[in-house]
Structure formats: structure tokens, C-alpha cells
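Residue numbers (the numbering used here), protein chains in the order written: chain B, 1 to 114; chain S, 115 to 226. Everything below concerns the one structure shown next.
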Amino acid sequence: ELKVEQNPLFLSMQEGKNYTIYCNYSTTSDRLYWYRQDPGKSLESLFVLLSNGAVKQEGRLMASLDTKARLSTLHITAAVHDLSATYFCAVDFGYGGSQGNLIFGKGTKLSVKP
Amino acid sequence: KAGVTQTPRYLIKTRGQQVTLSCSPISGHRSVSWYQQTPGQGLQFLFEYFSETQRNKGNFPGRFSGRQFSNSRSEMNVSTLELGDSALYLCASRLDGDYEQYFGPGTRLTVT
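In C-alpha cells:
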């Protein structure tokens with residue numbers, strides 16, 4: 001079964017602190033995505049990770065991919081209130097023409113408090 | 115460059131009715147995927163269309179169907195609506211050969 005598991009599902013952080021969200025998936029893939037969703041809104045693409053060892057950073061967020069461990073992490077550095085949102089990881093398990101079918105984790109609801 | 119557009123943005127229907135949702139991809143994008151988001155089941159893949167052909171289908175009943183037109187615009191149809199079909203329906207488009215999917219604003223469907 002194709003599964004994507006995120007943890008934690010809920011995360012309450014203080015401003016200025018660091019934390020990591022974990023995303024495990026069930027079978028081989030080298031295409032992993034991180035999205036942000038604000039309440040009532042659509043999905044905003046944060047990172048696309050396409051190879052083992054890939055690391056991408058944007059502002060206070062850094063994502064990495066370990067395809068051998070089937071694990072991706074989203075690291076938050078010195079959190080600020082504006083980062084409060086729900087973060088999803090998603091994996092494309094398809095090959096060739098089967099791309100475009102993303103399996104999503106349940107999301108991590110992040111709340112950053114002053 | 116215009117993003118993915120979805121119409122309508124909000125819809126209220128009654129059980130047993132049918133509904134058609136529309137998605138216009140980013141210009142030049144020929145792949146369109148549809149997803150359903152509910153509080154209970156999360157984000158689930160419905161189907162993907164490429165060049166007017168359904169290339170992938172998720173695990174949804176036959177009441178859920180879709181199609182894609184020659185201009186890459188896509189529609190999805192849900193027949194015999196059930197209360198559990200209440201959800202945010204998102205479509206995403208992708209450039210052929212690219213990996214990134216761009217999501218539209220969604221259509222929020224409420225079934226009463």
C-alpha cells in the first residue's frame with residue numbers, strides 16, 4: 001500500500017524556536033513535495049525534492065530528502081508567527097507517464113505563539 | 115502568467131443532484147490532476163488527465179468522472195451527490211516533463 005506518514009500532526013511552537021517535521025513514505029520514490037496551506041486556502045508549493053540527498057532552503061524553512069530511508073524532513077528555524085499554517089508532504093510514486101498522482105500525508109498543523 | 119483557475123468557487127447542492135466543476139490550467143500545461151480534500155480523509159487523488167486522456171485514476175466510485183478538452187481545460191462531474199461528497203476540490207496543472215504541480219484556488223462543494 002502506498003502510504004505517506006507525517007509527524008507530528010499538531011505542533012505548537014514558540015517564536016524563535018527550531019523544530020522539525022518528519023515525512024515517511026512506504027515505498028521507493030525520488031519525487032517528494034512540500035506544500036503549505038492556510039485556512040480556507042489552496043496549496044502553495046514550498047519545495048520539490050527530486051533526488052537522494054536533495055536539500056532546499058527558503059527563508060526559515062529547509063527541506064531534505066533521504067530516499068534510502070524513505071524520509072523527508074522540513075526544518076523550521078527561529079519560527080515566526082507568519083509560519084503558522086498546515087504543512088503537507090506528498091509523494092509521487094508513479095513512473096514515466098504515471099506522474100501527477102500525489103499521495104499526501106495528513107498534514108502538520110503548525111501554530112507559532114509569541 | 116495567469117495561474118490555475120477553478121469555477122465555481124463555491125457551490126451548494128442537494129443530495130441526489132449532480133455537479134460539474136471546471137478547471138483551466140496554466141497556459142501550456144497539458145496535465146491536469148484533481149484532488150478531494152475533506153477533514154476526515156485528507157487530500158486524496160481523484161484522477162489525472164493528459165492530452166484529453168485519463169492517465170491515472172484514484173480509488174473513488176464511478177459517480178466521480180472527468181474529462182479534458184482539446185484546450186486542456188478539464189471538468190469533473192459527480193453524480194448522485196452524497197453528504198460525504200462535501201469537500202474542497204482542487205485541481206492542479208503541470209507542464210509536460212516537469213515535476214511541479216500548481217494548484218488552483220479550489221471549489222468548495224457543500225451537499226445538504
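Heads up, the beta-carbon is just placed ideally off N, CA and C, and yes, glycines get one too. None of these values were measured; they are calculated from a predicted model.
Item	Value
Min CB distance residue 203 of chain S to chain B below 8 Å	no
Residue 82 of chain B: CB within 7 Å of a non-hydrogen atom of the ligand NAD	With respect to the ligand NAD, the structure shown offers nothing to examine, as it has no ligands at all.
Listed by chain order, chain C residues near residue 7 of chain B by CB distance under 8 Å	The structure shown contains no chain C; its protein chains are B and S.
Pick from B:80, B:37, B:51 that is closest to residue 108 of chain B, judged by C-alpha positions	B:37
Counterpart residues of residue 171 of chain S in DSSP-defined beta bridges	S:161
Pair within 8 Å by beta-carbon distance, residue 122 of chain S and residue 207 of chain S	no
Rounded separation between residue 221 of chain S and residue 173 of chain S - CA only	20 Å
Three-state secondary structure assigned by DSSP to residue 143 of chain S	coil
Exposure of residue 21 of chain B, with buried meaning 16 or more beta-carbon neighbours within 10 Å	buried
Through-space distance from residue 51 of chain B to residue 31 of chain B, alpha-carbon basis	7 Å
Residue environment, residue 146 of chain S, which counts as buried when at least 16 other CB atoms sit within 10 Å	buried
Residue nearest to residue 93 of chain B in terms of C-alpha spacing, selected from S:144, S:159, S:148	S:159
Under 9 Å from the C-beta of residue 107 of chain B: neighbouring residues of chain S	156, 157
Cross-strand partners of residue 92 of chain B (DSSP beta bridge)	B:102
is_contact[residue 182 of chain S, chain B] using C-beta, thresh 8 Å	no
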